[in-house]
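Comments concern the structure below.
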Amino acid sequence: MPAVTFDTNIFISRPRVALPDSFYMSVVVLQELVVGAEDEAEVKTLNTARREYEKAGRLLVPNGEDWWLAGKVINSLQRGLKSKRGGLTPKILAEEKYRITNDVLIARTAKRAGVTVVTDNTKDFEMIQRFCSVRLMSGTEYFNS
């Protein structure tokens, strides 16, 4: 089984998902989960997970280059530029850039670490993939294999 990271929607749609030994946690996903935490106990659990993955060297944290390249990817999507992987890209609306920023950061850090992103949001990640060659797998494909 390849090393994987899960998009936030995987944790939301499958709250008791078993994490494989080859799992990498994204700090971006942790941030999104903390935002939606229902109580302080859940926040503490997420913080414990953050520390454990950081200690194990399996916490995906955007660095300066990831932020820079995320900006370039979003700019390309916003302008509908040509990609090396598939010609012209449909333009995203300016307000969509805020929604997609976290997904681009998840993709960039996963690519840098060589891990596959498992997501139920394949539409956005396939757009991102045109400018950031991250490996993707749908949640359905991952959990039914």
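For what it's worth, my numbering labels the leading residue of the sequence shown as 145, then goes sequentially.
Don't be surprised by glycine CBs; every beta carbon is placed ideally from N, CA and C.
- Quick one, which of P234, Y197, K241, T192 has its alpha-carbon nearest K216's? K241
- Query: Does the beta-carbon distance from T149 to S170 come in below 7 Å?
  - Reply: yes
- Count the other C-beta atoms from every protein chain shown that fall within 10 angstroms of the C-beta of V187, then say buried if there are 16 or more, exposed otherwise. exposed
- Query: By DSSP, does M145 sit in helix, in strand, or in coil?
  - Reply: coil
- Query: So L280 is in the beta strand (DSSP E); what residue range does that whole segment cover?
  - Reply: 280–282
- Message: Which residue wins for smallest C-alpha separation from L163, given the options P146, V172, V178?
- Response: P146
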